[in-house]
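All remarks here apply to the structure that follows.
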Amino acid sequence: MGRSESRAVTTPVPSRPSDTLPHPAARGMGEGRGGGLDRRATFRWLYLPPLLWLGLFFLIPLSLMAAFSFRANIRGNLLQWWTPTLAHYTSLAATGSYWRLLGISALMAFGVATIAVILAYPVAYFLAFRAGRRAGLYLVLLLIPFWTSYLLRVMAWKLMLGTEGVINSFLQYVGLIQEPLTALLYNRNAVVVTLIYVWIPFATLPILAALQRIEPNLFEAAADLGARPFQQFRRITLPLSLSGVFGAFFMVFIPTIGEYVTPLLVGGSRGSMYGNIIQDFFTKAANWPLGSALSMVMLVTTLLLVFIATRIINIRDLLE
Amino acid sequence: MNGRGRALPLSLYFFGLIALLYLPIAVLFLFSLNANISLSFPLKGLTLDWYEKLFDSPAVLRAARNSLVVAAGSGFAATILGTMVSILYLRYQFRAREFLMALAVLPLIVPYIVLAVALLLLFSVVNIDRSLWTVGIAHTVVALPYVVLIVASRLAGFDPILEEAAMDLGADYPTTLRRIVLPVIFPAMVSAYITAFTVSFDEFALALFLAGTEPTFPVYLFSQLRFANRLPVMIALAVLLMLVTLTLVFISERIRRAE
Amino acid sequence: MKPRKSMLFAAQGLMLALALVLSACGAPPPATEAPPADLTGSLTVLDWAGYDAEDFWIDFKNTYPKVTVNFEIGASDADIYGKMKAGDQADIFHPYTGWLQFYVDEGLVEEIDTSKLTNWDKVPDNFKKIGQIDGKQYFIPWDWGFTSVLYRTDKIPEGVDSWSALMDPKYAGHVSMWDDGPGAVTVSTYIHGYDETAVTAGQLASIKDEWIAQRDLNLFYWAGEPELVEGMKSGDVWLAYAWQGAYALLLGEGVPVEYANPKEGRNSWVGVYGIRKGTENYDLALKFLDMKLAEATGNNVVNLFYYGHSNQDVMSGITDETLKQAFSVDDPDILNKTNFTPNLTADQRDAWTAMWAEVKAAP
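Chains as they are written, first to last, in our numbering: chain H, 553 to 872; chain W, 20 to 278; chain E, 325 to 687.
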């Protein structure tokens, strides 16, 4: 992928008082220079739109829902002041099965994220270093299936994996099995496999972005110094792509904890995840306060897990 | 660099994955030609009826159009906002820096259903009617984390020294951003846009709660799925959208290669 | 199905003739109302997915062709209730039995002036009662159906005669229950003879244990009828908690199924339409509801969706054998043996849905 670089200056420039300039980030807001907006002025333009958008359309509604988790029920005028109650949180604390399900969902999410990232890495590597000029095309090809309804795609898969589906018919025809395999669908494993399958293309993207900014010169230099390809990978590619790997991991891990669609479609009676419980309280029970309470618990738990994970990663950096 | 021979297992892996991704779509394609309303083998004969019926139903096409518009718009907004956040995080020092980053990524943790109900409440409080706009606003919020993760990933390794040089030469900051930073992160932004588009296009929970009388395609599909006999037409639409997209992509690739 | 032009002309012609006759008789003309064919306005209906199809309000469309009708989609009763509570501005909404008390308690629904409904006398009394809360007619019954045990006769040749079949270990791995807490509680009350309107905490606890055990027999919980139909068709599911629509569909596909008449009695549910309190389009909404009860609409509901309709002329006019079987039209006593879903209190709803959530979360 071509990277444009600023042209080398060929005309002499008047010398400046200081030759070494500190990092702009270290310098703070930056001094004004030349005509037009300086860094400080630009800051306002960069800062306000996302802040306003997220504040208005994310923070405020979220706070509303958090407040709702302390409301007894949704009877009466929704916006009238209500006496806060901890009833939902106490009933949550008392229901062991919800905690257990949260733990299982987190574990499943961890497994899905880890495997998806491992399987996505070669895809990103291929796109970054092997696909050449077709990389953009291949990337788009990777993502296009997601513009077909997920529902329909899973329906098609269920067809293939069902007891009378193509896979079972084929295996029986070939004689590998006598009875159709029932374990392909309607259990927790089916959920995990489906989620991994779905996440690989998305997980590719942050890894790809990280791989793309590795300078090709590094490889040439390493090769000149006698490094073999695998060594180049281990010492150059992998470490430099780690930020992308972690980005991909969290990108998959975090939303998967609250996943509900896939368990609904292929999980069967025992494959529910924590997200299904939340979903049900909103869309079947009209119990927004309890649903909010469950969501807040999941949010805090996820934040905690992410916090712990980033600490572990930082410690590893410190150790190296 | 590595020899070409090494490319083979990797490309096998990649194209194997592609095959696996498109397999259900191939199955759907088969069924869109199936003269039977049920999704089962064996096929009962080939027919183009479902595609005909598709063009007879303006509601279906309108739903597809709605999804395209919302996805294109929210993808664009998310990409712009997400890039801003990435630049702020990696090029500025200010007290709320970590807070802004955390806020931008936080939508990943919140279940869509919670955000959907919360936004429903918000919009009804301020008396904004539910419409494709409200859906688009919500989609921008949930697509933002993906944009930030992708663009920041790219920007993180880009040494600011070039921007410094440009500013020393008299460029103001916006010009610096435009001439130096943007070209570098542009591929990542395109990646991010496609991701944001994808996130929006098949999104259901938010669209269901926040759409007014104009449904997006997933919502419409869901509504039609209650009738088993409407299934083939919906499959025909999904396959058609796929074929159109693939064609467009291949055409643009052709054009690019011709240049 | 597009309305045929001839029907449009016929309707207009009829209205015109009627107006002429009335004026000739010297009857006072209707106060400030335009003839139906010219009446303009717009209505918004919060309805379930699929009911926005013209087939399901065809009479209204033909009689008042200039009125625009917009639809908002609700995905479930909880969804519709939530949207109404959040201030949805739809004029008309479509809940089902079990949820009606909440709308009255929260002041979300207007009382219906049945004297203005020309088709009201075609609705049987027991259906009219279903739309009455605290003695007032708040809702119009529209679609209805049965819930019972649907099973494959080739997989279960001995037949099914009780709701307890859903819990029978003989059918392990081949049962499919509807994903709904109140539905599950209802089934248990039928099996054990509990009073559905007064389930005690102790009874609820044992019901929970019962359904947790049932998970070992259950292949998957179905959320929508197509899912169930595919499951039964492929033979993965042998028996299920099902509405008669699935039964009619499968029969039409040639799958050998039977719709049980359990000794505890079938369940029945009714969908109703209500008018939002405070709507400015009350009169227009009434007209919409009136036309919803008309015959062409009713026939479409029966023939296209395999649901029952509250207009008894429509029901007695069913000729299709599959549908006659599905609705047990030939059994005049069927409705007396059927348990209609009572309206839940908010506490019951909370308790029963929480119970179901714990069933799904159980290890």
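All residues carry an ideal CB built from backbone N, CA and C; glycine is no exception.
When the beta-carbon positions are compared, S172 of chain W and G796 of chain H come within less than 8 Å of each other.
The residue among E:L363, E:T646, E:Y518, E:A525 with its C-alpha nearest the C-alpha of K385 of chain E is E:L363. Take I729 of chain H, set aside five residues on each side of it, and the residues of its chain with a beta-carbon closer than 7 Å to its own are L723, in chain order.
Residue-level contact by beta carbon fails for L151 of chain W and chain E, as no gap is shorter than 8 Å. For the pair T621 of chain E and F629 of chain E, the Cα-to-Cα distance works out to about 11 Å. Bridge pairing for S472 of chain E: E:A566 [DSSP].
Closest by C-alpha distance to E183 of chain W, out of W:T195, W:L174, W:G176, W:A175, is W:T195. With the rule of 3 Cβ pairs closer than 8 Å, the stretch 127–146 of chain W counts as touching the stretch 604–614 of chain H.
Cβ contact annotation for Y475 of chain E (same chain, cutoff 7 Å, sequence separation greater than five): V484, W562, L563, V581, E582, A584, in chain order. Nearest Cα to V706 of chain H within the set H:R686, H:V745, H:V726: H:V745. DSSP lists E:V391 as the bridge partner or partners of G365 of chain E. Among the CB atoms of chain E, none fall inside 8 Å of the CB of P77 of chain W. Taking C-alpha positions only, Q649 of chain E is separated from G569 of chain E by approximately 11 Å. Scanning chain E for C-beta atoms nearer than 8 Å to the C-beta of I612 of chain H yields nothing, as the closest lies near 15 Å away.
No beta strand (DSSP E) of 3 residues or more sits fully in the stretch 611–698 of chain H.
In this structure, D415 of chain E places its C-beta atom within 8 Å of the C-beta atom of A609 of chain E. In this structure, the straight-line span from the alpha carbon of A90 of chain W to that of S76 of chain W is close to 22 Å. Within chain H, no C-beta atom comes nearer than 9 Å to that of P359 of chain E; the closest sits roughly 41 Å away. For the alpha helix (DSSP H) assignment, the uninterrupted runs of no fewer than 4 residues enclosed by the stretch 749–815 of chain H are, from N- to C-terminal side, 768–776, 781–784, 790–809. Taking a C-beta cut-off of 7 Å against chain E, the contacting residues of the stretch 228–239 of chain W are G231, T232, P234, V238, listed in chain order. Uninterrupted beta strand (DSSP E) stretches at least 3 residues long and entirely within the stretch 485–573 of chain E occur at 563–567, given in chain order. In the three-state reduction of the DSSP assignment, R822 of chain H falls in the coil class. Boundaries around W676 of chain E are those of the alpha helix (DSSP H), 670–685, since no beta strand (DSSP E) includes it.
At a C-beta separation below 7 Å, T217 of chain W has these neighbours in chain H: L695, F698, W699. Under the three-state reduction of DSSP output, E482 of chain E falls in the coil class, being neither helix nor strand. As summarised for the stretch 431–469 of chain E, the continuous alpha helix (DSSP H) elements at least 4 residues long and confined to that stretch are 449–454, given in chain order. Think of a sphere of 9 Å around the beta carbon of L610 of chain E: no beta carbon from chain H falls inside it, the nearest being about 27 Å out. Taking 8 Å as the cut-off between beta carbons, the residues of the stretch 650–684 of chain E near chain H are A670, R673, D674, T677, A678, W680, A681, E682, K684, in sequence order. Residues of chain E whose Cβ lies closer than 7 Å to the Cβ of S143 of chain W are, in chain order, A410, G411. Per DSSP, the continuous alpha helix (DSSP H) segment holding Y725 of chain H begins and ends at 718–726. With respect to L181 of chain W, L606 of chain H sits apart: the two C-beta atoms are not nearer than 8 Å. If you draw a straight line from the Cα of L644 of chain H to the Cα of E682 of chain E, it comes to about 11 Å.
One Cα belongs to I270 of chain W, the other to M261 of chain W, and the distance between them is close to 14 Å. For V596 of chain E, the uninterrupted beta strand (DSSP E) segment begins and ends at 591–599. Residues of the stretch 190–219 of chain W that bring their beta carbon within less than 7 Å of a beta carbon in chain H comprise A190, D191, Y192, P193, T194, I199, P202, V203, P206, A207, S210, I213, T214, T217, in sequence order. Listed along chain H, no residue sits closer than 9 Å to D148 of chain W by beta-carbon distance, the nearest being about 16 Å off.
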